[in-house]
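Just so we're on the same page, this note's numbering is the position in the sequence shown counted from 1, plus 379. So the structure is just underneath, and the comments pick up after that.
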Amino acid sequence: MGVAQSSVEEIRHERTGIVFRPGLDGVPATQSSICDIDGQQGRLSYRGYPLEELAAESTFLETAYLLIWGELPTTDQLKAFEHEVQMHRRVSFRVRDMMKCFPATGHPMDALQSSAASLGLFYSRRAIDDPKYIYAAVVRLIAKIPTMVAAFQLIRKGQDPIQPRDDLAYSANFLYMLTEREPDPFAARIFDRCLMLHAEHSLNASTFSARVTASTLTDPYAVVASAVGTLAGPLHGGANEDVLAMLEEISSPDQAAAYLDDAIANKRKVMGFGHREYRVKDPRAVILQALVEEMFERFGHDELYDVARALEAAAETRLGPKGIYPNVDFYSGLVYRKLGIPRDLFTPVFAISRVAGWLAHWREQLGANRIFRPSQIYTGSTQRSWIPLESRLPTAGA
Ligand code: CMC
């Protein structure tokens, strides 16, 4: 229908000359000063600070502050932000009661999306031009999302959620609420570094979703809920869960090459590999792999790591020439598994972290807003005449 395919990546509409790039590959959809990716060199920075430095020196809350407000906080600003987040960790008993009605068999990402959206009911004032409202919404979302993730985990096991502990820092408190045990400080620090690594990554699908939702000037809870729903898919955040299932299926390092050959021959995606932005190994995967090794040194080895390394080695010659290397989701699950986090909570943990990036983009979008309303290339029928009911043929595929 008037569409000429000029290459795999680009489709030109004959009548209008408009060019469509599937998946908006290479099409800028915004200007942003939050995160910079160099996909050829494998470099990533938040607000100009290299990720490696932040992961070594900062904390998740400090990094979240940097992402959202653009500058590293002073001592007083950081103290105030940490205190505010600590004060807002609890969720209303109504949210907990609502979560008790969720099916225990439901996926925790669906539970999180519903609970995040429900915050809009509790904080229904919408004053997106008021800096105090924005600050309060940021604090609430960063504070309450971990509590909701941990609450669903306990509720689905038939237990009552436990209350946050004010004497524990952000990451340690989450692990405590999840496992009901005070975590080893070393493990809590590793987890906090994982959160920093996942906090922001420019215009990925969930962040784009957040910005599109933000551009309608709706409330921040709807912005985050739409982003959580987008993050859940296996091509995006959901891949971290699938990587572990894949490693378990491969089960032994000497099966890795055969698994890869079979996946490639049957055009199956290998989970945890590939990225639209990177042609080299994702810098976050490099740091996460180092964290995996630190964890194992302290808490013992995991044989699935040997499988992962064998798969990465086999992929070097098979996928490397196409620029397909491990991404952020490849090694993260091995850290989470060692921390005792159940596999289907890996993506909710990603959301706990990425909420910082979504909120940074929410603010940035509000700062120079124009509603997203892209065009399309119509490929359907034209000029059809009405068909009376008795003359119609059955619709194929319905
Ligand atoms: N395994 C095997 N082949 C792959 C893979 C993979 N993981 N990723 C890309 N390819 C191939 C793909 O088959 C295609 O080959 P061909 O040109 O011969 O048809 C080519 O590389 C381009 O792939 P694409 O799917 O068009 O690339 P994209 O930029 O649209 O997709 C991606 C990027 C991340 C969705 C994709 O690499 C993928 O599906 N990876 C597996 C899922 C995954 O790990 N997702 C997490 C992404 S990173 C973190 C996050 O976003 O949450």
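Even glycine gets a Cβ: it sits at the ideal position worked out from N, Cα and C. Predicted model, so just to flag it, every value in this text is computed and none were measured.
Can we count residue i as close to the ligand CMC, meaning its CB is less than 7 Å from some heavy atom?
i: residue 723; result: no
i: residue 467; result: no
i: residue 616; result: yes
i: residue 787; result: The structure shown does not extend to residue 787, since the chain is modelled only from 380 to 777, so the question has no answer here.
i: residue 648; result: yes
i: residue 756; result: no
i: residue 701; result: yes
i: residue 402; result: yes
i: residue 583; result: yes
i: residue 394; result: no
i: residue 655; result: yes
Looking at the structure shown, is residue i part of a helix, part of a strand, or coil, going by DSSP?
i: residue 524; result: helix
i: residue 573; result: helix
i: residue 591; result: helix
i: residue 383; result: Confidence at residue 383 is low in this model, with a pLDDT of 44, below 50, so its placement is unreliable and the value that follows should be read with caution. Three-state DSSP puts residue 383 in a strand.
i: residue 514; result: helix
i: residue 543; result: coil
i: residue 704; result: coil
i: residue 486; result: coil
i: residue 397; result: coil
i: residue 413; result: coil
i: residue 391; result: strand
i: residue 581; result: coil
i: residue 762; result: coil
i: residue 652; result: strand
i: residue 749; result: coil
i: residue 423; result: strand
i: residue 428; result: strand
Since residue i contacts residue j with CB under 8 Å, what's their CB separation in whole angstroms?
i: residue 594; j: residue 750; result: 5 Å
i: residue 521; j: residue 533; result: That pair is no contact at about 21 Å.
i: residue 589; j: residue 492; result: The Cβ separation is near 13 Å, so there is no contact.
i: residue 619; j: residue 732; result: The pair is not a contact, with the Cβ atoms about 11 Å apart (cut-off 8 Å).
i: residue 579; j: residue 413; result: 6 Å
i: residue 419; j: residue 659; result: 7 Å
i: residue 705; j: residue 661; result: 6 Å
i: residue 564; j: residue 468; result: The pair is not a contact, with the Cβ atoms about 19 Å apart (cut-off 8 Å).
Which same chain residues end up closer than 6 Å to residue i when comparing Cβ atoms and leaving out the 5 residues on each side of it in sequence?
i: residue 649; result: 642
i: residue 610; result: 585, 616 and 730
i: residue 381; result: Confidence at residue 381 is low in this model, with a pLDDT of 45, below 50, so the placement of that residue should be treated as unreliable; the coordinate-derived value is given next. Same-chain partners within the cutoff: 393 and 394.
i: residue 636; result: 693
Excluding five sequence neighbours on each side, which residues of the same chain lie with their C-beta closer than 7 Å to the C-beta of residue i?
i: residue 775; result: none
i: residue 634; result: none
i: residue 570; result: 550, 554 and 718
i: residue 681; result: 675, 713, 716 and 717
Spatial neighbours of residue i within its chain, please: C-beta separation below 8 Å, excluding the five flanking residues on both sides.
i: residue 495; result: 520, 524, 527, 600, 603, 604 and 607
Would you check if there are 3 or more beta carbon pairs closer than 8 Å linking the segment 759-773 to the segment 509-525?
-> no
Are the segment 496-506 and the segment 442-458 touching, with three or more C-beta to C-beta distances below 8 Å?
-> no
Just checking, does the segment 624-632 make contact with the segment 449-467 on the three C-beta pairs under 8 Å criterion?
-> no
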